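Protein chains: 2
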Amino acid sequence: MEVKNTEISDLGEFGLIDRLTKDIKPHNTSTVRGIGDDCAVMQYHDTEVLVSTDLLLEGVHFDLTYVPLRHLGYKSAIVNFSDLYAMNATPRQITVSLGISRRFTVEHMDELYRGIKLACDIYGVDLVGGDTTASRQGLVISITCIGDAPKDKIVYRDGAKDTDLICVSGDLGAAYMGLQLLEREKVASAGKPDFVPEFGGKEYLIERQLKPEARKDIIAELDKAGIVPTSMMDISDGLSSELMHICKQSHTGCRIYEDRIPIDYQTAIMAEELNMNLVTAALNGGEDYELLFTVPLHYHDRVRDMKGIKVIGHMTREELGCAMITRDGESEIPLKAQGFNHMSGDK
Amino acid sequence: MEVKNTEISDLGEFGLIDRLTKDIKPHNTSTVRGIGDDCAVMQYHDTEVLVSTDLLLEGVHFDLTYVPLRHLGYKSAIVNFSDLYAMNATPRQITVSLGISRRFTVEHMDELYRGIKLACDIYGVDLVGGDTTASRQGLVISITCIGDAPKDKIVYRDGAKDTDLICVSGDLGAAYMGLQLLEREKVASAGKPDFVPEFGGKEYLIERQLKPEARKDIIAELDKAGIVPTSMMDISDGLSSELMHICKQSHTGCRIYEDRIPIDYQTAIMAEELNMNLVTAALNGGEDYELLFTVPLHYHDRVRDMKGIKVIGHMTREELGCAMITRDGESEIPLKAQGFNHMSGDK
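Respectively, the protein sequence lines represent chains L and E.
Under numbering that gives the first Met the number 0, think of the first position of the first sequence as 0, with each following residue one higher.
Under numbering that gives the first Met the number 0, think of the first position of the second sequence as 0, with each following residue one higher.
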């Protein structure tokens with residue numbers, strides 16, 4: 000009998016996860032929700048406990064030639080906190096596991112931890128455990144975040160209705176442009192020890208790439224306004240990809256408006272400079288760690304008036320598919336999930 | 000100013016962890032116990048939630064030339080369950096993060112997951128999440144396990160008293176001997192495609208290395224007998240190293256008796272064959288995943304009669320240090336923590 004050999008890139012990350020986890024049935028009553036959202040949800044007696052985990056590998060997720068270790072530590076923690084906020088929950092604890100290759104010293108690890116601890120202090124999260132080991136393969140960082148939320152406040156990906164409004168926080172595409180800028184300066188600096196990178200006027204892009212924040216403030220604002228979104232995700236892979244996740248899990252379609260996608264002017268200037276399509280960067284760039292969420296139509300006035308939130312479109316019935324209406328209002332472009340896909344062949 | 004560069008091997012794994020985490024203060028009332036035990040303990044309302052995490056790297060923790068992926072998956076899950084049992088808790092959920100390099104196919108991951116799922120089914124644990132990414136560096140496995148325990152049943156490392164009895168479950172050194180055997184056959188097979196490894200009569204050693212079990216049964220037996228140990232750990236790095244952890248954290252010394260250390264006859268035969276010191280293997284071999292625990296002296300008769308548990312010595316006052324009394328009863332050998340240390344220079 001021939002054994003089939005399927006390349007992982009044929010399935011992609013989500014296809015592989017679907018295949019590996021499709022027949023998993025829970026054993027424990029404490030398991031409320033498993034794979035398929037930003038966090039898993041568990042109920043221990045009357046408390047909802049949430050958990051999320053991220054694996055970051057040198058050479059795949061970060062490049063230490065331009066990422067300072069302190070920033071890397073900060074960002075590694077932040078991306079996990081962001082997963083908890085994306086469920087409308089509060090991150091409380093993290094565990095940090097490190098695989099460390101020989102070129103790193105204790106002082107390097109001090110720097111990495113300085114960033115992790117700073118993030119923990121700012122967001123009020125406790126570092127409670129982890130595992131530390133040698134690595135033959137560069138730096139490996141695995142962070143798991145645990146938190147809680149009142150049961151009736153948890154927001155999943157599958158609760159959007161076909162008349163809901165689609166909202167995003169902050170602006171999109173800047174982190175991606177920051178990465179392009181860092182890559183450009185890395186290439187330019189090759190072999191030139193005295194090279195000074197050219198970041199003037201582009202500090203926001205660099206900051207969005209190297210030191211992103213999780214939108215704890217937006218979660219607090221929504222709570223203050225008495226709004227519980229019907230669905231929510233954080234934007235790590237790009238708006239298109241995340242929105243399609245929500246639509247798939249909520250059985251809806253969507254329409255977003257090109258002219259409503261929030262973009263910072265530095266992002267626009269950088270796209271021009273690099274001759275890249277600005278909207279494509281905003282739709283597919285990823286690593287923004289902004290919140291994408293849906294609210295019932297009758298919250299329109301309330302969300303419109305909230306600082307840092309923009310209504311970018313609305314859900315539709317599932318059969319209408321997912322599309323963006325162009326600036327001139329005349330055509331619809333189907334959305335594609337071209338976000339960062341670390342499992343695809345071209346990355 | 001000169002920046003100091005301290006090699007990580009100068010501090011070792013535990014030294015590095017101590018340094019990185021020494022000034023961490025909790026922000027959340029839900030954080031009961033952080034770094035320094037098999038698990039972190041959190042209290043969400045009235046429930047104690049425990050979490051433990053392990054990072055396993057190809058080339059450091061496993062060698063796929065002789066470890067089948069299904070066994071690797073099983074063992075990766077088991078070692079995490081073991082950390083929960085070592086706190087007298089019940090593992091409930093795991094998250095599994097994978098970094099996968101290009102030489103692995105979807106079918107390989109099916110095999111790995113088959114092992115993880117089998118362990119989950121046998122131990123009643125739910126796989127609730129994870130992260131999957133490409134790796135440039137071989138296979139990376141990061142597993143986090145979450146569980147619970149009644150508050151008054153949780154057993155830490157720091158509760159031993161200086162008159163307590165020291166107990167271990169099962170037998171020691173077999174997993175280490177299994178590893179030696181697998182390494183020997185790997186060397187012997189090099190360049191010989193038709194090579195058939197010689198495992199006859201040594202199946203137990205292979206099984207202990209490739210497919211260890213977590214001692215859920217011992218936890219259940221202790222519970223049935225109404226015994227809550229005063230301290231407990233699972234033996235992953237070797238009896239000496241673990242016992243010294245308990246003594247350090249409990250501020251005790253200890254005496255164990257060479258002739259009471261439980262060793263399987265296959266382990267003894269293999270040590271003879273390889274011309275290795277049998278007791279050294281049992282003390283320092285590691286990866287046994289047996290339970291090491293202490294109980295008050297008055298439980299002596301109860302633990303003596305329990306199947307699969309052996310009393311190997313007793314705690315002492317701290318100033319007496321940690322030592323093993325030799326078979327002839329005439330001398331004391333100070334214990335050393337020579338367990339597997341992935342951070343040390345020689346590993």
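By construction, the Cβ of each residue, glycine as well, lies at the ideal position given by its N, Cα and C atoms.
Predicted model only: the values in this text are computed from it and were never measured.
- Each residue's CA atom was taken as its position, placing L/Asp216 and L/Pro149 some 18 Å apart.
- A buried status is given to L/Gly146, since no fewer than 16 other beta-carbon atoms sit within 10 Å of its beta-carbon.
- Under the three-state reduction of DSSP, E/Thr46 is assigned to strand.
- Among the residues of the stretch 250-272 of chain E, none has a Cβ less than 9 Å away from any Cβ of chain L.
- In this chain, the beta strand (DSSP E) harbouring L/Cys321 covers Cys321 to Ile324.
- Secondary structure at L/Thr64: coil, using DSSP grouped into helix, strand and coil.
- Under the three-state reduction of DSSP output, L/Asp9 falls in the helix class.
- Not a single CB atom of chain E sits nearer than 8 Å to the CB of L/Phe61.
- The beta carbon of E/His299 sits no closer than 8 Å to any beta carbon of chain L.
- Fewer than three Cβ pairs drawn from the stretch 114-123 of chain E and the stretch 172-183 of chain E lie within less than 8 Å of each other, which leaves the two stretches out of contact.
- At least one CB of chain E lies nearer than 8 Å to the CB of L/Val127.
- Boundaries of the beta strand (DSSP E) around E/Asp233: Ser230 to Asp233.
- The beta carbon of E/Leu10 falls within 8 Å of a beta carbon belonging to chain L, placing the residue at that interface.
- Take the alpha-carbon of L/Ala189 and the one of L/Tyr65: they are about 12 Å apart.
- Under the Cβ criterion of 8 Å, L/Asp233 is not counted among the residues facing chain E.
- For L/Asp258 against L/Arg326, the beta-carbon gap comes to about 5 Å, under 8 Å, which counts as contact.
- Counting the other CB atoms within 10 Å of its CB gives E/Asn87 a total of 16 or more, which places it among the buried residues.
- Of the other Cβ atoms in all chains shown, fewer than 16 fall within 10 Å of the Cβ of E/Ile332; this residue is therefore exposed.
- Linking E/Ala280 to E/Asp9 through their CA atoms gives a straight-line distance of about 24 Å.
- The C-beta of E/Gly225 has fewer than 16 other C-beta atoms within 10 Å across all chains shown, which makes the residue exposed.
- In this structure, the beta-carbon distance from E/Gly72 to E/Val139 does not fall below 8 Å.
- Against L/Leu15, the close residues of chain E are Val105, Met108 and Thr131, in the order they occur along the chain (beta-carbon pairs closer than 7 Å).
- L/Pro333 is bridged by DSSP to L/Ala322.
- Non-local C-beta neighbours of E/Val40 in its own chain, meaning closer than 7 Å and more than five positions away in sequence, comprise Val31, Arg32, Glu47, Leu49 and Ile153, ordered along the chain.
- DSSP, reduced to helix, strand and coil, places L/Glu220 within a helical segment of the structure shown.
- E/Gly98 is bridged by DSSP to E/Thr132 and E/Val139.
- Our two residues, L/Thr132 and L/Arg101, have alpha carbons roughly 11 Å apart in a direct line.
- In the DSSP assignment, L/Tyr122 falls within the unbroken alpha helix (DSSP H) covering Val105 to Tyr122.
- According to DSSP, E/Thr89 shares a beta bridge with E/Asp147.
- The Cβ neighbour count for E/Asn283, taken over all protein chains shown within 10 Å, is at least 16; the residue is labelled buried.
- Contact residues of the stretch 89-105 of chain E toward chain L are Arg91, Gln92, Thr94, Ser96, Gly98, Ile99, Phe103, Thr104 and Val105 (C-beta to C-beta distance below 7 Å).
- DSSP places L/Ile308 in the strand class (E or B) of the three-state scheme.
- For L/Met243, DSSP records no beta bridge to any residue.
- Interface with chain L (8 Å Cβ-Cβ cutoff): E/Gly114 is excluded.
- Closest in C-alpha terms to L/Thr20, from the list E/Ser96, E/Gln42 and E/Val186, comes E/Ser96.
- Contact annotation, E/Pro295 with L/Asp125: C-beta distance approximately 32 Å; criterion of less than 8 Å not satisfied.
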